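K.L.:
Once you've had a glance at the structure underneath, I'll fire off some questions.
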Amino acid sequence: MPLNTTPDYSQILLRGLLAGLTAGLLAGGFAFFLGEPHVEAAIAIEEAAAGGAEKPLVERSVQSGVGLFLATSLYGAALGGILATAYTVLRRRLHTGSDTHAALGLAGAALLGLVLVPFLKYPPNPPAVGDPATIRERTIAYLASVVLGLVAIWAAVLAARTQTHQWRRATAGTAGFLIVVTIAYTLLPTFNEVPADFPATLLWNFRISSLGTQAVLWTALGLTFAGLLSRLATRTGHPTETAAEITTTP
Amino acid sequence: MSKAQTLTTPAVSPRLLATAAGFTGLMLLLAYLVAFDQGALSQSGMYLHELMHDGRHLLGVPCH
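Those sequence lines, one after another, are chains F and L. Going by UniProt numbering, the first sequence opens with residue 1, and the numbers climb by one from there. Going by UniProt numbering, the second sequence opens with residue 1, and the numbers climb by one from there.
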């Protein structure tokens, strides 16, 4: 059994990819059972408005089944790879002795910056909502909101680190985050493209299921990645630290 | 068993940073393929785009 070995980037990366794939499949399951009914309902409205169904390139049953799981698992794996990379590069700068706190902290920050900040400015739209003529502008604005979400997290960390007292750290961090998000929300363009006759309840339910899908993805990704890291630590861990832990644990 | 065994992460060298940047680029390409590609990257026409249509909507990406 190897002792005191530092894991390679590739070992951490592999665990991130695996965690991402798992999280993607779980998010796919959530989306399949809780999101698809709203997608189907929206497509029915779209088809009624267009006066009949067009023959899709890919069967609807494939889009809502295999296609959905393929999308969420590939997306999850990509995000897992990025999380593992961020973890490897940033671990020594995260001021915590716990790998679990570090992994969950990064995943939580991603959920806040990459999901919640974009979601509140540009809530996702079901089929039949959104003007195809503005897809380019909306895509660019969405990506800008993702980048600004990350900037807000970064600002929060920088602001928190200017303080030493715990309460002041928390307050400075929150202020840094909110200032960046408020400026970003003010500067980013607004799109108002929901058709007047689109059912409000369906729109709300679809958006909540989309937020849920992304929340499942990042929560499962963080927890699985932290779990795999913990197993890796047990395998390659430092026996001296283990002994120290045992003596200090009541 | 101890409650918190910590891992030593590899030292952040320029070489590691270069590898990490390269891999991040690759992963962003994969995410792009799912979220935004309309055949330019996949060279499959609109097939992959259509296949992953529902996933895109439910992952919160602007679709159409």
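Using N, Cα and C, we set each Cβ at its ideal position, and we do this for glycine too. If you're wondering where the values come from, they're calculated on a predicted model, not measured in any experiment.
Select from the region 113 to 124 of chain F all residues with a C-beta closer than 9 Å to any C-beta belonging to chain L, and list them in chain order.
P.N.:
V115, P118, F119, Y122, P123, P124
K.L.:
Which value, in whole angstroms, describes the spacing of the CA atoms of R207(F) and P124(F)?
P.N.:
Locating residue 207(F) in the first sequence gives position 207, counting from the first residue. Locating residue 124(F) in the first sequence gives position 124, counting from the first residue. Their Cα atoms are separated by approximately 6 Å.
K.L.:
Between G80(F), P195(F), K55(F), E47(F), which lies nearest to T224(F) when the distance is taken from Cα to Cα?
P.N.:
Taking the first residue of the first sequence as position 1, residue 224(F) is located at position 224. Of the candidates G80(F), P195(F), K55(F), E47(F), the one whose C-alpha sits nearest the C-alpha of T224(F) is G80(F).
K.L.:
Evaluate T249(F) with the Cβ neighbour count: other Cβ atoms within 10 Å of its Cβ, from every protein chain shown; 16 or more gives buried, anything less gives exposed.
P.N.:
Along the first sequence, one-based indexing puts residue 249(F) at 249. Because the pLDDT of T249(F) is 40, which lies under 50, any placement of that residue in the model is unreliable, and the number read from its coordinates should be weighed accordingly. Flag for T249(F) reads exposed.
K.L.:
Determine the chain L residues that contact P56(F) at a beta-carbon separation under 9 Å, and present them in chain order.
P.N.:
Your numbering for residue 56(F) matches position 56 in the first sequence. Simply E50, H53.
K.L.:
Could you check the C-alpha separation between A11(L) and A196(F) for me, to the nearest Å?
P.N.:
For the purposes of this step, residue 11(L) is taken as the residue at position 11 of the second sequence. For the purposes of this step, residue 196(F) is taken as the residue at position 196 of the first sequence. About 56 Å.
K.L.:
Where are the alpha helix (DSSP H) runs, 4 residues long or more, that stay fully inside the region 197 to 235 of chain F, in chain order?
P.N.:
none
K.L.:
Answer yes or no: does any C-beta atom of chain L fall closer than 7 Å to that of V146(F)?
P.N.:
In the first sequence, residue 146(F) corresponds to position 146, counting from 1. So no, V146(F) is outside the interface.
K.L.:
Decide if R56(L) is buried, meaning its Cβ has at least 16 other Cβ atoms within 10 Å, or exposed.
P.N.:
Indexing the second sequence from 1 puts residue 56(L) at position 56. Buried: at least 16 other Cβ atoms inside 10 Å.
K.L.:
Going by Cα to Cα distance, which pick from T6(L), R15(L), M27(L), S13(L) is closest to G16(F)?
P.N.:
For this step, residue 16(F) is matched to residue 16 along the first sequence. Comparing Cα positions, the closest option is M27(L).
K.L.:
Would you call the CB atoms of V216(F) and F32(F) closer than 7 Å?
P.N.:
Here residue 216(F) corresponds to residue number 216 of the first sequence, with the count starting at 1. Here residue 32(F) corresponds to residue number 32 of the first sequence, with the count starting at 1. Their beta carbons are not under 7 Å apart, which means V216(F) does not touch F32(F) by this criterion.
K.L.:
Please return the same chain residues whose Cβ sits closer than 7 Å to the Cβ of G76(F), not counting the five positions on each side in sequence.
P.N.:
For the purposes of this step, residue 76(F) is taken as residue 76 along the first sequence, with counting starting at 1. Closer than 7 Å at the Cβ level, and outside the excluded window around G76(F), lie G20, L21, A23, G24, A27, L217, L221.
K.L.:
Tell me the rounded alpha-carbon separation between A159(F) and L30(L).
P.N.:
By one-based count along the first sequence, residue 159(F) stands at place 159. By one-based count along the second sequence, residue 30(L) stands at place 30. One C-alpha to the other measures close to 33 Å.
K.L.:
To the nearest whole angstrom, what separates the beta carbons of A184(F) and L148(F), a pair I think is in contact under 8 Å?
P.N.:
The count along the first sequence starts at 1 and reaches residue 184(F) at position 184. The count along the first sequence starts at 1 and reaches residue 148(F) at position 148. With a Cβ gap of about 4 Å, A184(F) and L148(F) count as contacting.
K.L.:
State the DSSP-derived secondary structure class of S145(F), mapped to helix, strand or coil.
P.N.:
The count along the first sequence starts at 1 and reaches residue 145(F) at position 145. Three-state DSSP puts S145(F) in a helix.
K.L.:
Would you tell me roughly how many angstroms separate the C-alpha atoms of Q163(F) and I12(F), rounded to the nearest one?
P.N.:
Here residue 163(F) is taken as the residue at index 163 of the first sequence, counted from 1. Here residue 12(F) is taken as the residue at index 12 of the first sequence, counted from 1. Cα-Cα distance, rounded: 32 Å.
K.L.:
Can you tell me where the alpha helix (DSSP H) holding L21(F) begins and where it ends?
P.N.:
Mapped onto the first sequence, residue 21(F) falls at position 21. 9 to 30 is the span of the alpha helix (DSSP H), which, as asked, contains L21(F).
K.L.:
If you draw a straight line from the alpha carbon of P118(F) to that of I140(F), how long is it in whole angstroms?
P.N.:
Taking the first sequence and counting its residues from 1, the one referred to as residue 118(F) is at position 118. Taking the first sequence and counting its residues from 1, the one referred to as residue 140(F) is at position 140. About 12 Å.
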